[in-house]
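Under the numbering used here, the first residue of the sequence shown carries the number 5, and numbering increases by one thereafter.
Glycine is no exception: its CB is placed at the ideal position from the N, C-alpha and C atoms.
Comments concern the structure below.
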Amino acid sequence: RNRGVSIIYITHKMDEVFNICDEVTVLRDGRYVGTSAIQSLSHDLLIQKMVGRELTDMFHKEETPVGEPILYVRNYSGKRFRDVTFQVRRGEIFGLAGLMGAGRTELLETIFGVHPRTSGELYLHGKKVEIRRPSDSIRHGFALLTEDRKLTGLYMNATVRDNISIANLLRYLRGPFVRFRKVAADCERMRQALRIKTPSLQQKVRNLSGGNQQKVLLSRWLLTEPEILILDEPTRGIDVGAKAEIYRLMVDLARSGKAIIMISSELPEVLGMCDRIMVMHEGDKVGELVRGDATQERILQMATGLNLSTANA
Numbered sequence: 005r006n007r008g009v010s011i012i013y014i015t016h017k018m019d020e021v022f023n024i025c026d027e028v029t030v031l032r033d034g035r036y037v038g039t040s041a042i043q044s045l046s047h048d049l050l051i052q053k054m055v056g057r058e059l060t061d062m063f064h065k066e067e068t069p070v071g072e073p074i075l076y077v078r079n080y081s082g083k084r085f086r087d088v089t090f091q092v093r094r095g096e097i098f099g100l101a102g103l104m105g106a107g108r109t110e111l112l113e114t115i116f117g118v119h120p121r122t123s124g125e126l127y128l129h130g131k132k133v134e135i136r137r138p139s140d141s142i143r144h145g146f147a148l149l150t151e152d153r154k155l156t157g158l159y160m161n162a163t164v165r166d167n168i169s170i171a172n173l174l175r176y177l178r179g180p181f182v183r184f185r186k187v188a189a190d191c192e193r194m195r196q197a198l199r200i201k202t203p204s205l206q207q208k209v210r211n212l213s214g215g216n217q218q219k220v221l222l223s224r225w226l227l228t229e230p231e232i233l234i235l236d237e238p239t240r241g242i243d244v245g246a247k248a249e250i251y252r253l254m255v256d257l258a259r260s261g262k263a264i265i266m267i268s269s270e271l272p273e274v275l276g277m278c279d280r281i282m283v284m285h286e287g288d289k290v291g292e293l294v295r296g297d298a299t300q301e302r303i304l305q306m307a308t309g310l311n312l313s314t315a316n317a
């Protein structure tokens, strides 16, 4: 820029926009929204242009009644967590908060059967179940959206169709043959329902945006018709418009009776989306907060091992 070079810079990171750019052009759903000088914009106004509504409406979360308990985790211990107990109800979004290394991901991956537990019990609808591997958890109605979609979630060189259908292959078999018409119909239904922007189901997933990749991964698990969705950092690395769509999907799924367990390192997201929040510190559960009582300060005090009396001393 100092040498007179014009630069077109594409990013969804707000800090970079305000630190680097002189003007900002916003596109939404492939359409031109407008161009503004950076001095005339605030973070909230820019996000409003990108999402199509005010920032305060991002989460869509309303107080809705939750149903009976679906999942009861009792005295669960494993790699990097100890003696954790909690329950999740039908129609509830249950959040896990904590610092990096608190054991949140390890806990949920162990529940899903990725890692072996060392002790503890798992109950579904009041009945004890044994989960030793991911196939067991899928059979019992669990789904796990991992925190790193590129490393542990998607097959980046495979097509959208193959990524969506991979967890349901047995459903599409008729003898030794795959019913490809049924596969295509189900994948197209998910593409429309989740508004996945792709030229076709044959598009390679690596060519999609981060938000659309995340929706492909979510589509895969929704096809298994789960009761309990475990979402680990579901909006990591996607733009604010895609975040708003993921939030909408989560709320719709909860309203339909799904139980959702969400890990997020973004406290505004946890506070905006979750009905209850369990906080972990160095592998231990240190408490739970209901939505009305939760604040960023209280969560951080618990996540760092400080109690309120210490913090106020």
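- Under the DSSP assignment, N79 falls outside any alpha helix (DSSP H), being part of the beta strand (DSSP E) whose first and last residues are P73 to G82.
- Non-local C-beta neighbours of K83 in its own chain, meaning closer than 6 Å and more than five positions away in sequence, comprise E110 and H119, ordered along the chain.
- Taking C-beta atoms as the reference points, F146 and F116 count as a pair closer than 9 Å.
- DSSP lists L75 as the bridge partner or partners of V92.
- In the three-state reduction of the DSSP assignment, M282 falls in the strand class, which pools E and B.
- By alpha-carbon distance to H47, the top candidate from K17, M266, G105 and V187 is K17.
- Each residue's CA atom was taken as its position, placing K262 and R153 some 22 Å apart.
- For A248, the enclosing alpha helix (DSSP H) stretches over residues V244 to R259.
- Going by DSSP, E273 is part of the alpha helix (DSSP H) stretching over L271 to M277.
- Rounded to whole angstroms, P203 and D190 show a C-alpha spacing of 17 Å.
- Note that the C-beta distance between F85 and D236 is not below 9 Å.
- Per DSSP, the beta-bridge partners of A101 are V283.
- Boundaries of the alpha helix (DSSP H) around D48: H47 to V55.
- Pairing S223 with I168 gives a Cβ-Cβ distance under 9 Å.
- Residue state for E134 is assigned as coil, using DSSP reduced to three classes.
- Of I250, G179 and V30, the smallest CA-CA separation from L149 is found for I250.
- If only uninterrupted alpha helix (DSSP H) runs of at least 4 residues are considered, those enclosed by the region 161 to 188 are 164 to 169.
- Per DSSP, the beta-bridge partners of K208 are T163.
- By the neighbour-count criterion, in which a residue is buried when 16 or more other Cβ atoms sit within 10 angstroms of its Cβ, N216 is buried.
- For D236, the enclosing beta strand (DSSP E) stretches over residues I232 to D236.
- With distances taken between CA atoms, Y127 lies nearest to L75 out of S260, L75 and V9.
- Looking only at T228, E27, G107 and E231, the smallest Cα-Cα distance to I12 is reached by E27.
- Apart from sequence neighbours up to five positions away, the residues of its chain that approach G38 with a beta-carbon distance below 7 Å are V30 and K53, ordered along the chain.
- When rounded, the separation of the alpha-carbon atoms in N161 and G291 is 42 Å.
- For the pair D33 and K201, the CB atoms are nearer than the 9 Å cut-off.
- Distance from the CA atom of L155 to the CA atom of T68, rounded to whole angstroms, is 35 Å.
- L31 is bridged by DSSP to Y36.
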